[in-house]
Each structure stands twice: as C-alpha cells, then as structure tokens.
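> Chains F and Z are the protein sequences, given in the same order. Mapping to this note's numbering: the first sequence position 156 is 156, numbers consecutive. Mapping to this note's numbering: the second sequence position 200 is 200, numbers consecutive.
There are 2 protein chains.
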Amino acid sequence: MITLPIWILIMGHCVHISYAKTPQRSTYIVHMDKSLMPSVFSTHHQWYTSTIDSLSPASLTSLEGPKSSLSSSPKLLYSYDEALHGFSAHLSPSELQMLETHPAFVTAYKDVKGQVDTTRTTDFLSLNSKSGLWPASNYGHNVVVGLIDTGVWPESRSFKDDGMAPVPSKWKGACESGQNFNGSMCNKKLVGARFFNKGFMAAEPKTKLSMNSARDIDGHGTHTSSTVAGAHVDGVSFFGYAQGTARGVAPRSRLAVYKVVWDEGCYSSDVLAAFDQAISDGVDVISISLGFGGFPLYTDPVAIGSFAAMEHGVLVSSSAGNSGPLIGTLHNGIPWALIVAAGTIDRQFSGTLSLGNGHTILGWTLFPASAVVEKVSLKYDRKISACNSSTLLSKAASNEIIICDNMGMTLDQMDKVAGSNAAAAIFISDDPIDYELIGGVSWPGIIIGSKDGRSVVQYAKSTKSAWASMQFQQTFVGSRAAPAAAFYTSRGPAPSCPGVLKPDLMAPGSQVLAAYIPSSEVARIGNNIILSSEYAMLSGTSMACPHASGVAALLRGAHPEWSPAAIRSAMMTTADPLDNTRHPIKDDGDTSKPASPLAMGSGQVDPNRALDPGLVYDATPQDYVNLLCSMNITTKQMLTIVRSKRYNCSNPSSDLNYPSFIALYDNKTKIAVKTFHRTMTNMGKGGATTYKASVIAPRGSRVVVKPQKLVFREQHEKQSYSLTIKYKSNNEEEVSFGSLVWKEVGGKHSVRSPIVVSPLVDNSFGLIPF
Amino acid sequence: MITLPIWILIMGHCVHISYAKTPQRSTYIVHMDKSLMPSVFSTHHQWYTSTIDSLSPASLTSLEGPKSSLSSSPKLLYSYDEALHGFSAHLSPSELQMLETHPAFVTAYKDVKGQVDTTRTTDFLSLNSKSGLWPASNYGHNVVVGLIDTGVWPESRSFKDDGMAPVPSKWKGACESGQNFNGSMCNKKLVGARFFNKGFMAAEPKTKLSMNSARDIDGHGTHTSSTVAGAHVDGVSFFGYAQGTARGVAPRSRLAVYKVVWDEGCYSSDVLAAFDQAISDGVDVISISLGFGGFPLYTDPVAIGSFAAMEHGVLVSSSAGNSGPLIGTLHNGIPWALIVAAGTIDRQFSGTLSLGNGHTILGWTLFPASAVVEKVSLKYDRKISACNSSTLLSKAASNEIIICDNMGMTLDQMDKVAGSNAAAAIFISDDPIDYELIGGVSWPGIIIGSKDGRSVVQYAKSTKSAWASMQFQQTFVGSRAAPAAAFYTSRGPAPSCPGVLKPDLMAPGSQVLAAYIPSSEVARIGNNIILSSEYAMLSGTSMACPHASGVAALLRGAHPEWSPAAIRSAMMTTADPLDNTRHPIKDDGDTSKPASPLAMGSGQVDPNRALDPGLVYDATPQDYVNLLCSMNITTKQMLTIVRSKRYNCSNPSSDLNYPSFIALYDNKTKIAVKTFHRTMTNMGKGGATTYKASVIAPRGSRVVVKPQKLVFREQHEKQSYSLTIKYKSNNEEEVSFGSLVWKEVGGKHSVRSPIVVSPLVDNSFGLIPF
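1) What does DSSP give as the partner residues of Ile288/Z in its beta bridges?
2) Look at the alpha carbon of Gln243/Z and the alpha carbon of Leu362/Z, and state the distance between them as a whole number of angstroms.
3) Excluding the 5 residues preceding and the 5 following Pro301/Z in the sequence, name in chain order all residues of the same chain whose CB lies nearer than 6 Å to its CB.
4) Just verifying my parser: in three-state terms, what is the DSSP assignment at Cys387/Z?
5) Can you name the residues of chain Z whose CB is closer than 7 Å to the CB of Leu531/F?
6) Around the C-beta of Thr216/F, are 16 or more other C-beta atoms found within 10 angstroms, so that it is buried, or is it exposed?
7) Quick one: Cα of Gln97/Z to Cα of Phe41/Z, how far?
8) Strictly below 8 Å CB to CB, what residues from chain F border Ala423/Z?
9) Which value, in whole angstroms, describes the spacing of the CA atoms of Asp117/F and Ala507/F?
10) DSSP three-state call for Ser280/Z: helix, strand or coil?
11) So for Cys266/Z, helix, strand or coil by DSSP?
12) Among all the DSSP beta bridges, which residues are the ones paired with Val512/Z?
13) Between Ser519/F and chain Z, is there a C-beta pair that is closer than 8 Å?
14) So Thr574/Z packs on Ala341/Z, CB below 8 Å; how close in whole Å?
15) For chain F, find out if any of its Cβ atoms is closer than 8 Å to the Cβ of Ile402/Z; answer yes or no.
16) Hey, would you say Ile29/Z sits closer than 8 Å to Asp111/Z, going by beta carbons?
17) Quick check: Gly358/Z and Asn332/Z, are their CB atoms within less than 8 Å of each other?
18) For Gly235/Z, decide whether its Cβ has a neighbour in chain F, counting only Cβ atoms nearer than 8 Å.
19) Classify Leu76/F as helix, strand or coil using the three-state DSSP reduction.
20) Are the segment 675-689 of chain F and the segment 737-750 of chain F touching by the rule of at least three beta carbon pairs closer than 8 Å?
21) Check the Cβ of Ile438/Z against every Cβ in chain F and list those closer than 9 Å, keeping chain order.
22) What is the DSSP secondary structure of Gln473/Z, reduced to helix, strand or coil?
23) According to DSSP, simplified to helix, strand and coil, what is Leu404/F?
24) Please state whether the Cβ-Cβ distance between Asn406/F and Ser450/F is less than 8 Å.
25) Which one of Thr620/F, Asn187/F and Met470/F has the shortest CA to CA distance from Tyr647/F?
26) Rounded to whole angstroms, what is the Cα-Cα separation between Asp276/Z and Pro546/Z?
27) For chain F, find out if any of its Cβ atoms is closer than 8 Å to the Cβ of Ile525/Z; answer yes or no.
28) Can you find the residues in the same chain that come closer than 8 Å, C-beta to C-beta, to Val761/Z, ignoring five residues on each side of it along the sequence?
29) Can you check whether the CB of Leu209/Z is closer than 8 Å to the CB of Ala104/Z?
30) In three-state DSSP terms, what is Glu744/Z?
31) Can the beta-carbon of Leu315/Z be found closer than 8 Å to that of Pro564/Z?
32) Applying the criterion that 16 or more other CB atoms from any shown protein chain within 10 Å of the CB defines a buried residue, is Lys706/F buried or exposed?
33) So with CB distances below 7 Å, who are the chain Z contacts of Pro444/F?
34) Count the other C-beta atoms from every protein chain shown that fall within 10 angstroms of the C-beta of Cys175/Z, then say buried if there are 16 or more, exposed otherwise.
35) For Ala90/Z, write down the residues that DSSP places opposite it in a beta bridge.
36) Less than 6 Å between C-beta atoms, sequence neighbours within five positions excluded: which residues of the same chain meet that for Pro66/F?
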C-alpha cells in the first residue's frame, strides 16, 4: 500500500453545507486514471477500497492528534466503472488532501444535491396503432428504459405487464428488495428496481430515510416512469378531468428504475452510481428528469454519466429545467445528451359558466370534484372584488357567486376565496399562465378572460336577481393553439456549453396526466381538505423529458443500429416549429411572441416523422472529445468525463456536427461571425437522392450555405456543407432566429435545423468554457 | 245525450287543497260501470268524452249563474280501460254532483298526491352466471319491466343495449318524444318511455313543469330502473366507495318507463294512466316504488292498477314505505301485489383510523373524496367534544383531528364539524343507524364504536404529541351481519287490509348504488360544496322494491306460465329468515332484536331458491274478490277495483290462499283465535312427493296444522290443509311470531310461511275494513 504526504485542496463548486468545529467528513466523487491501476488488483473495486484504507485513522493520527473525532475510517460509498472511473467516498478534508497525492488521482469534487423538475401537466403526440412509430417499433417491446428518479410505485396499474412478451434476454438488471419493496414486485413491464442512497446518507446522516428501497414516496418517479412506458390503463381521470385511457409513449417498452432522490434531495454520488449500474444492466435509453444547475460539465454528474452512456450506445434524455422564462437559465447543457424543453398541449380543462340572461361562457377550471352550482345568486361587489382580503371575503360572501377582478394575481385570489363562504367565484384574467391552472382550483370557480368578464359584471350589475350556474369537469381537446413553449421551461444558451444550442427540442410538459403514488397531495378543496389521486396532473420539463425518452425508446426499437446522436438528430431535424394552427409556436413566457430555439430547440418532437428523417447528423465519442478539447479545461477535467486516454486532443474543435446552429455575440460589439461545418449521412432507403438548401436568415444576419445542393449516390453516404452567419445589430440582448432546411428533391424528406443568434449570457459561476 | 239533476257530494279522503272563493275545479278519478255503455259509442273514450261534454257550462248556467268564473268546459284528462273502467277529469263540485247522477257512475274520488320512498342505500343477492336464476332465465331477456316512477335518464351507461337481442315482438309500447327527449333515445334495453302529467297540471296549474317528457330530473326513476334491469357497467363507484361493476338484478330484461312524478309530486290520475298504458303495452312486471298512504284499497291507485295488472298476469311489485319502525305504518297494503320491505346488506363503507401509538381502528365513513389525513395532531378537548356548538368548534379546532363524544346525535355533530376548521373528526357512536351513513359524511371523519372510542380518547389524553392518520374510500364486503331490517322500513299490519300479512318479503334497500342523473346533489363537502355523481347511493324501500321486481322478472322469464300469485309465493316461501351469520335476521329499528314478519315479511328474498319452490300458494282474481267481498265495502267500492261484474260475492272469505299467516287481537281482550285454510300446488318436476309440516308457534300461542302430512301424486296436483292459532297474552301491544315449514320428505324443498300474532293497530283513517 502507498502512503503519501498530505496537503490542502479548496473545492470550487459546493452546495451549502454547514461545517461543525470538528473536522467533518463530506462525500466526494473521486475520478481516477484506471490505466494506472497496479496489476496486483484484480478489480477496480479492490483498488479503490485499498486506496481508501490507506487513508485510515492510523495513518492520520500524527496529523490530527489523539483527540480527533474521526475515530472511524473513511468510507467508500460506491465504486464506479461504467459512468466514470473512480469512486465516491466520505472523506475529511485531510483525507482528501492525502488522496490527491495519489498518482492515479484525476479529480475530486464534492457530492452535490440536485433538484427535481416538477410543477404540474399533459400529452398530445400523434402516435397511433395504424402507422408510424408505434407499429414500426412494436411499441418499444425490446427496449429497456432506465429511469433515474425518485423510484416507483410498483402496484400502480400503469406497471401491470398483461400481455407482454418475456423480458429481453440481454437484460442483466435486478429487482432489489428493500423497505416495503420485495424483489418479486418486478414483472415483464417493470424489469428492474434499484436504489442508491449512500451519498445521501453520508451527507445527511441525521435524516432518517423515509423509505429505504426503490419504492417511490414522492410521486415524481412514478409519474415520469409511466409517462415513458406506462401500460394502457382504462378509466383514468384526474378528478373527472382528462377522462380516458392512460398510457406511456412507449407502452410496451420495459422500465428499470434507479432511485436516487431521497426526501426531495439527490446527490451526485448516488446519481453517478445509478448511471453506472444502468449502463452495466444494459438499458437502451436513460431518462433523467433532474439536473444540477451551476456546474461545469466535468463536475456535473448527468454530463459525466451521459458521456459513458453515449459511448455504450445509450441515449440519455434529460430535462432543461423549470427556471424560465429568462435566457441562460438552462441546466443539463450537455452536448452528448438530448435536452428537452416543455410545451403546452391542445387540451383545456374547462368549466362552463351559464348566466341567467342566457349567455354561456367556457372558462378554465380544475376544481377537483363534481360540484353542483345551479342557479346561484351572482353578485359583483366593488368592495370585495379585488378578492385580496380574507376578512372582506369572509364577511361579504355567502351562498353567492362572487366576481374577482383582473388584478394579475389569480392564484392569490383563488387562495383567498377558498377560505371564504362564497358558493363559487368567477376569476377574470388574461394571463395564459393562469389558464395552466398551476396550483389547481381549490374552490368551485372558473377563470374567464376580461372580455367575457366585462359582460358578466355588466349582467351582475343589471339586476338584483342575477344568477349563474357552473359546470365542472369538462375537457376539450383541440380547442386552443398548441404547443406553446411553457413559461417555466428553462432557456438556453446553456451556461455549461453555450456554443451548442440547447434545449434540443420540446415535448409536452404542461398538465401531463400520469400515474402517481397514493395518499399524496395532488389537489385541495378549501384550505384543509387535501386530496390524492391514482393519476396526477403535473407540469414541468420533468414531464417533457420522459415524452422524449419514450420517443427515443421507440426509435431505438425501430432502428436498433442507430447511434444516440442519430436518434437525437432524427428527433431534432423532424421536430415541428409550427403549432396546430400552422403558425410558429408561441412562447407563453414572452407575451406569446414566437418562441425562439433558446426556448424550444428545433421545435415540438414529431415521433412519426422521426422514424424516417432522410438524413442525420451523426457524432462519435471522439467528436465530443474534440469539442471538449476546444474548451478551456485541464487534462484532468477532461479525463473526469472521458475517463480513458484512448481519446486524443489532436483535433480540437468547437464545431460539433450538430443538427442546430448557435452564434453568440458580445453585448459590447453586437457582432457575431461564425462558420459551421456539418456532415450528413443519408439514411433514406431509396439510396440515391438530392437535397437542396433553403435558408431563413435570422433578423440582422446574412447566412451562406455551401454547397446549396447535396447529391447522395447511396444509403449511408456522407456529404458535407458549411454554413456561415454574419450578424450585426444595434439592439442589446436581441435573440434572432431562422432556419436551414435541406429539402429532398422530388422526395418527402426535409431536414430542418434552427439557427440562433444570441447574446452571451453572464452566469454567476464564471465557468463558461467555450 | 243524457242531462241529469245536480246535487251535492262530500268527498271523504282528500289531500290538502286550498279553495279560492270562486268554485275551482279539481281532478277526480271516476270509475264507471262499463257494462252500461250504450251501444251508440264505439269506444269507451267516446262514451267518457260525451259524458264530460254533458257537464259543459251551457248545462250549468242555470245553477251557477252568468257570473261563474268557470266559463271553460270541464276537461277529460285520461280515459282508462285496463287498470280501471273510467276516466279522470278536472271537475268543479257541481260538475261532479251532476256526474254522480249518471246511471253508470260507480265512484269518484279526488286525485291525490303520493310520496316517493327515498332515503339513501346497496345490494347483495347471490345471483351468478353459473347456476340458478340468471342462466335459467337468460337474465330476463324476454321480459319487459314497467317502471312507474320519475322517468329515466336515457344517456346513462346503465341503459346501453350492447349485445342485446331484438325487442320481443309482443311489445306494443312506444318511445314518446317530449322536452329534451326524442323517440330515438330508446333502444333494445330501454324499450319504452311515456309520461303522464295531465293530473299534475290540472291540480297545480301554476307549477311550470321543469321537464315535460319522460326525462328524469329527480334521479329516483333512473336509480330504480337501473336497479331492476341496468346493463353491466364497469368502473363505477360512489366517490371511490363500492368500486366495481354496476348492474341490475335482471340485467338483460327490458325497461319501459312511465313517468308520473313531477317535481316530487304524483297524482293518482297520472299513476292510473301509467298502469293503464303499461298493461296495454304488454309489460310483464310492474315496479312502482311509491305509494299513497292513508287510503282504502278502493281509492288507492296502486291497489286499483295492480288488480287489473294481476288479472293480465302482470306481477306488481311495490314498496312498503319508509315510515318505520313503528308498526302499522305500511302503505301499499295490497293483497294482490308484492310488497317489499328494505334490508341492509353486508357491505361496509369504511375508513381506517391509525393512531400514533400503533393502533389501527376500522370505522365507518363515506367522505366523498380521496382526502389525505396524514399524521395530524389528535386532540381530545372536553370543552368542544360534544361537537354541538358551531361557535366552540370554529374557535377550538384548527389543523387538528378532534374527537366528538357519543351523544346520540352523530348526524348533527357531523353537520357542525363540517362548518369548522378541524382537519378531521372522529365521531363515537354505537347506533347502527349512524353506521348507515345516511346523510353522508361531509367533512373528513370516521365513526367508531364507544369501545374503540375510549382507547382513542385515552391515547389523545396521554400525550401532547398524539397524532392520527385516516384513510378513506375503503369498502369491505362480508364484514357485518346482514341483512337486518332497515330501521326506516314501514311495518305491517297494513291499515288498508290488516288481515293479509304485509310486507311480503325483504330485499336490499340500504346503500344501494345505481345510476343517477347528472348535476344533482348526492353528497356534500363542507356546507357549501354540493357534489353530483353518475351513480348514487340511496337507501329506502324504493330501492328494495326494484330488487324484488328484478327477481320477479327473472322468474317470469324462467317460468312464463306462472301466475303473479305463484311468482310471489315462490319468492315468499323460499325467502330466508336468517342472516349471513345464520342467526335470525335482526331489526335495526328495534335495538337489533330479531325482526318480526311485520318488518320483513317472510324474510330476505332468495332468487336462486325461488326458481324451484316445490309448492306454491296460488290465487285467482276471484280469490281476491272473495276477500274484498268479506270486507265492509259497498258494491260500487268493489266495482272500483274489480271493474266488471263477471266476479261475484257468492263466497266471501277473509281467508285468502296466502303464503303467510297473521292473527290480530284486540288490545282489550288480548285474545286471538283464527283458523286458516290453504291449498298448495305441487310445482316439483319429480311429480309424486310428500311434505311434512313443522311448526314453530308464536310465543303465547298454540298452533295446530291438519293434516301434518300432504301426499302429492303428480305435478300440478293441489292439496289443502288448515292451520289454527289460539293466542292469549297478558302483554299489550305484543307482536309474537313463528313459522310453518312444509318439508319435502327425502327431497330438497321446504316451503316456509311466517305466522304472526299482532295487536290491531289504530289508524287515523278509521277505514280498516277487515
């Protein structure tokens, strides 16, 4: 064994951890250069264990003295071999110092806590059993999707395996027993369940785990899992809304669940362990609806885990985050993963307001019960119509429908009315965000627009005998322009890698109905009555991500030979920039202006078109390494991600072969000039074909594509082109966008890439290494 | 035409109608002796029209003078020909006087308003698809059941006709169009829909009909219809309770709906019109869950309509009423109909109370939402625990579970708590009536018994950190002794004919889940939020009646040749006097003592046993006439019911060949001595067989049966016996009961009849004609 001198390291990027006076241990992720493993060790685990043992108290006594509180040994949490080479361990600062002198030491960074991307939501992908991706992939039945999340509620009807074929023989995963979870709970649908909490327990030793197993007690993982691959379940609704059949995007693919989130916290050490295991178990796609904001790629566990997954042909799909609508708020800015923005869908949860004068108004509601409001007296009272005073509301309203003015604070008004005696309330608002009904509707009430509001107020004032009726639990499909970029979806450019446009595409994220855990709040009536539901309506990029993961799983099933980059390219170049009214998709976070690619990437994922994209932009692991080489990072930081020295930096290039373009400008110069080089592979079954370029240049720019025509003589042939953008503006902070479409001459394929010009976004981490 | 002198008649039995100063018209049911119809009239309708025309203002001017407000003609509402011979008409007192001088006039009485028998309820008949009555009757597919009720909601899933055979060709009914109801709304399940409101409109001309068609806007008729013959509907529940498949007792029989109830009122003229039409349309069974209390048989429209139905081979099943538990409260005391009492079932709607000390208690609840009450602080506060003061409750309780003492007023306590801030409440009660949850549970809460209550209070007092959790929406089957006679079910003896034991039998009536109308209150949350449901839980003899009607329909399908009396006999003699614990059925209205036949008749209907009763007590129309002849009624009163002179009174007899025995005593003498003569018909397929009598004499009586053995040589053979009861008691108002069972020697049949000794019950009408 090797003993080495000890010195001090100061970590750059930590979560808030309170230090006690005695030297406490923290969890570190330690990357090692495995090529230096002495041959005396037969496994990497032996080597890492031995390395940790060498840091034992005996070795340290001389330094910390006999009064040291660290009488125990430093503890190895996980050995990693797939997602990274290295381990995580619970170490004191001095133990870490000692470790850093190890010749194979690459890097170490503190275990950090990530956030789950949840608000509330729904889905409208045009998958069907007659044609397109579902039948082409046999609904994904040979594909295993790994979910890194809060675990799973195995008893949910969405995880029944009725009619499913035996588990693919390639599958090497396991169904681990734990608290309230035994190994027999898996089946042909839920093929694996594991849990990882060593990092969490080390960081928060005083927190008693509420559920020490893969069982989900949060709901998030059950929701995302069933969104990816839930079985068909009839007769589902959310308190009477969205009544119908629930099913995942890839309803016959298999789920392997890796629980890493504990009491709403997750640590990078556990996330890396999950990636490590999922790759080793043989998943085909990883869906991970969580992220670690504010870290460079080389300490971001999703980035690190995704790189290894990508090398193994596993596409990782992750969420953009819920920090919109400002630009530069995206997490998971990972060039080798698919990053998903959240959009709205064309479904409206409605209530009908019928007035005594014969008028009928369709509004928005999610009141979670079959409330009967029939011919109830309607009052408009100027004294209370701000609906912002519980005191006034409790006095003024009784057995009446009250009207709340458009004050730009509907959520607060709803809250106040729920504590009143009003039989019901009408809320006036023109904010599309209010129509998303986030936070639910906890008292009988309907939101209507201000135009309708004026006529309701006029009628209420016109007669003392004014009355109204309300009907709840109505669901309309196709009744509004959709998708729109959700106001909350995080926007690019990605702080960790702004030179690659992120997010990649958009998927349904708002008001998604999927399986949930029992006895957990999903709605309220009044202030006191909390309601649960077998299926819950959630919104967030966490809900968008599993939709894209499901599509990726189907594509993997239909095209087992495609690389993760090819799958992503197919999804991006066929994504739809138009909404169901055939106008450009709007941005709910920007007064309904057209959404920029910084909000929605290439557009709304279009599963059936992705099945046959014509051309793809492929990328190899070395391509991503070339990108990393172009960044201002050290060799050790590089090794943190790429793990092995088989890659080289002989050809550094920020010009990744990516299906989208972003040119960044400095707010001082307001000038951007950039040339991109791209190579496309012909995937068309027809063989010989020709594509012509069609460009819409971003405002304030000139775009030149050379050549304008690409002739492919056979399938799998590659052809290259260059795209140069020159941008000059007078406006600060202007985001300008357009597109390049390669149209097949005489054919049906068209291959679209968004082009964005964006200002450089200052981020507080000072880490942007492009 | 005949004009006749005018004189005055004073009616004996009227509803409360306020008379204005000017002579107002009322509706009268007029019975006529059709044998006297002049041959000049080709139809009875012509004759009646002509009779009414003869009462026109022209004829009356001399009497009422030129200032009479009755410038219009008297109006014929309905002509009747099946249920009775006669008509109903809107007549002034003087017009009526004139009519009474008509030679064919039999009787006339005022149209009266009946009550619908509704509280709230459920069902547990052991029908199954493998054996017994369902397969034997092919689920009643050739049988049409007429429902005389509040109409129907044709869109209910319970009335879908998927998979049903074409409508039997014998069916002559129609699907009448009306307000929000068009003739195409009928199908192979709902084969007829008609409505009758001339009587209602004549009596209440100022009331605007809310729905002038067969459409149900009350819910009662939709509930009873679907209970008789609702189709299989999956995925039904009452706010998460009783989750499962809904279906009627005779799920393939056809429904013909006759709406007679308007805004919760129904008039005899309309009811008679419905009977008339249903008989003419060709229904096989009539189910009528309503009654007219306090009338003698000869002015009771259900009695009159039922007699004609019986003559046509149509069994009429009706409800005993909800005026229990006192004896002598039964309406519909009709010897030629089947009168049904209501029982409880073995299903319990539950909540689980989990205490912080590890104890778990199963209680009763119907809180209508998936409320989450998890580890909420539990308080026992002597100041508020009576839970009878809204003021105290609103102050004391907030975000706590409160405990309400056993005060014998749980319903009121529930009401008070619903207006409080308490997170939830525990109600302590030992009253089985509270466990029926009538009135629902409108705030998160659970009822528990006082033994459990003591341990909960003890725990709450033991520590300030006491907490509890609650789980709602639990349903347990087989968890309690059932059936019991419901506390509300009306008891015999029947005032209108106490010498025939009524009710005849008991069927499930408490907490019955069946189809309902939308947007109608079936539950509440708090004080203000009213909830509706596609399926509602109702209790009452109204719910028991259609269960028996459904069994009768199945028997009619299995034995098309049986008379109504034979069907009723089969149902009565095979009814079960024991509950599911094999103890005598208890009476929830009498501190859970054994239920007397005055509460439950012969016992709980047992459909599968009724298929093969061995012997039956049959009765012909003349047998019922003989009974009427023995009553103290006039020839015209007799004709009111029997309509034609083909019957005679040459053999008056109070000793109807009935499958039960009742001996009545005077409270002064406390002595009863009576001999009954009975004749049974052998229905056994085996032919020759022997039965032996087995008697349990009512307490205080001696019973002698002669002979003790009856030998049948072949099928359809009749054998007679006599039963003499001698009773002498020291106790006033004692109801004493036993039974006679004829057991087949070496065979499986046993034919049971209850024997009751009951005091004469004083009824306020002074009309008991036995």
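Heads up, the beta-carbon is just placed ideally off N, CA and C, and yes, glycines get one too.
Quick answer:
1) Ser318/Z
2) 18 Å
3) Ser268, Val271 and Leu272
4) coil
5) Ala369, Ser370, Ala371 and Val372
6) The residue asked about is misnamed: residue 216/F is Asp in this sequence, not Thr. Flag for Asp216/F reads buried.
7) 23 Å
8) Asn528
9) In this prediction, Asp117/F has a pLDDT of 38, which is less than 50 and means its spatial position is unreliable; what the coordinates show is noted afterwards. Their backbone Cα atoms lie some 14 Å apart in a straight line.
10) helix
11) strand
12) Leu538/Z
13) yes
14) No, Thr574/Z and Ala341/Z are not in contact; Cβ-Cβ is about 16 Å, not under 8 Å.
15) no
16) yes
17) no
18) yes
19) strand
20) yes
21) The contacting residues do not exist; Ile438/Z stays about 20 Å from chain F at best.
22) strand
23) Note on identity: in this sequence residue 404/F is Cys, with Leu being the wrong assignment. If DSSP states are grouped into helix, strand and coil, Cys404/F belongs with the strands.
24) yes
25) Thr620/F
26) 20 Å
27) yes
28) Ile327, Gly328, Pro493, Pro495 and Pro498
29) no
30) strand
31) yes
32) exposed
33) Ile529
34) buried
35) The identity of residue 90/Z in the sequence shown is His, whereas the question assumes Ala. In DSSP, His90/Z forms a bridge with Thr27/Z and Lys75/Z.
36) In this prediction, Pro66/F scores a pLDDT of 40, lower than 50, which makes its location untrustworthy; the coordinate-derived value is nonetheless stated afterwards. If we look at Pro66/F and ignore the five residues flanking it on each side, it has no Cβ neighbours.
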